[in-house]
Amino acid sequence: MDYEKPVVCVLDASTYVGFWILKGLLGKGYTVHAAIQRNGSESEIEKKIIEMEKVEEERLSVFTVDVLDYHSILLALKGCSGLFCCLDSPDGYDEKLVDWEVRGAINVVEACAQTDSIEKIVFTSSLTAAIWRENISSEDDIDERSWSNQEFCRKLKLWQPLAKTLSEQAAWALAMDRMLNMVSINSGLVLGPGVTQQNPLSTMSYLNGAAQMYENGVLACVDVNFLADVHSRAFEDRSTCGRYFCFNQIVNTEKEAVKLAQCLSPLISLPPTYECQGSEVHAEKLRTKKLNKLVDDTACY
């Protein structure tokens, strides 16, 4: 007989990734606090969550939070044993939003430290927090020990990688200081149903510098359903620790690059007469030994 699933919180559940994590957790029988940040008019994802609450009224509660308001976070976390923290800017990234995400991550982790019930934090980060540095072309492998160089990101105005790097590092520093159990999932470019309509600016922020990522074998993608499943597995598996790179595919051939562009149309468009030559292959540099161990018994690959 299956044990009763604990109560968990997803913050921000109105982000593209947060919504799919929320759906996955409900599908597995969890009771979920969906913490939503209101940014002006109600988004399509927010409307879906409100409708879901009417159907799942016993297992889904919606909270409005401001990640810069510590007390609103505490209210959403009350009674929860786990937090899935997936901060993201639906409006894309600039220099000001870097500071917002860092401050938000600190507030969220500190709020977890002030609760008696939180047993584990699953922190959504990005591969872009690991791949950007001056000498990327000369490195053999990039794994969970790698971090993007902050000054390099600032020099190239790579605001999304800078936000993900600084916010994840701040979260790790505070989690270790407060002796919290935390793991991070460093996601590739997220693909899935309606991503070009529901997550366009965040997607384009990830792809800033896509040509360099592609040429250096570090442009990777992940299906949002697989990503959501990895989050729940990371929460449920007591042996998980540290960072986990998460992707389904590395885009390192011309054919795969064209396929990605077509998948992200109309965000990315190819010239009408473009023909794929298919001869170019770049060496893969990303390694996912930890992820493979975590999902060893899944059929997703």
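Just so it is clear: in the sequence shown, position 84 is 80 by our numbering, and no numbers are missing.
C-beta atoms are modelled at their ideal positions from N, C-alpha and C, and glycine is treated no differently.
Cα atoms of L64 and D233: separation of roughly 31 Å, rounded to the nearest angstrom. Secondary structure at M48: helix, using DSSP grouped into helix, strand and coil. In this structure L22 is in contact with E52, their Cβ atoms being roughly 6 Å apart against a cut-off of 8 Å.
Contact check for Y26 against V4 passes: the beta carbons are separated by less than 8 Å. For G75, the closest alpha carbon among the candidates M209, Q33, K1 and K160 is that of K1.
Using a 10 angstroms sphere on the CB of V28, the tally of other CB atoms reaches 16 or more, which defines it as buried. Scanning the stretch 114 to 139 from its first residue to its last, the whole beta strand (DSSP E) runs of 3-plus residues come out as 116 to 122.
When beta bridges are read from the DSSP output, F148 appears opposite no residue. About 4 Å separates the CB atoms of K281 and G213; that is less than 8 Å, so the two are in contact. Inter-residue distance for C82 and W16 is about 11 Å (C-alpha atoms, whole angstroms). D173 has its alpha-carbon roughly 45 Å from the corresponding atom of P262. For D136, same chain residues with a beta-carbon under 8 Å away, outside a window of 5 residues either side, are K281 in chain order.
Taken in chain order, the whole alpha helix (DSSP H) runs of length 4 or more contained in the stretch 2 to 49 are 12 to 23. In this structure, DSSP gives I264 a state outside helix and strand, which the three-state scheme calls coil. In this structure the stretch 125 to 133 touches the stretch 151 to 164; the number of beta carbon pairs closer than 8 Å is three or more.
Restricting attention to G88, V118, A109 and R55, the CA atom closest to the CA of F80 is found in V118.
If you ignore the 5 residues before and after M200, its C-beta comes within less than 7 Å of the C-beta of G88 and L263, all in its own chain and listed in chain order.
Taking the Cα positions, P196 is about 14 Å away from L256. Of all alpha-carbon atoms in P157, E115, K44 and E147, the one lying nearest the alpha-carbon of S121 is that of P157. With a contact defined as Cβ atoms closer than 8 Å, V179 and Y240 qualify at about 7 Å. When secondary structure is reduced to three states using DSSP, M178 falls in the strand class. Relative to the Cα of E38, the nearest Cα in the group I138, A30, S10 and V105 belongs to S10.
Beta-bridge analysis with DSSP links I246 to A216.
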